[in-house]
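First up is the structure itself, then whatever we jot down about it.
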Amino acid sequence: MNIKLYYHKTDGGAEYLTDKFIRWSHNGKSGKEGVFENAKYIVRIDGDITKDAELSVRNDRKEAR
């Protein structure tokens, strides 16, 4: 299974990769930015990405009863 991840940097400087994104455009440029809303996979990049990162997998919130 391959999952494309999208980059997000918070105002505080924390860096993440997520499986959900929004499209943006500003001053003639456009792109995609990772978002947390409805994301199942969230990777927190902690320092040097070649050395460490943390993956969070969210459970489906619509569980069958």
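Each residue of the sequence shown is one higher than the last, beginning at 60 in the working numbering. Just so you know, even glycine gets a beta-carbon here, dropped at the ideal spot from N, CA and C.
Per DSSP, G93 is one residue of the beta strand (DSSP E) stretching across 88–94.
According to DSSP, residue pairing for K79 in a beta bridge involves V94. In this structure, D105 sits away from E92, with a CB-CB distance that is not shorter than 8 Å. Counting of Cβ neighbours within 10 angstroms places I101 among the buried residues, the total reaching 16 or more.
Comparing C-alpha distances from Y65 to each of K88, F80, H85 shows the shortest one belongs to F80.
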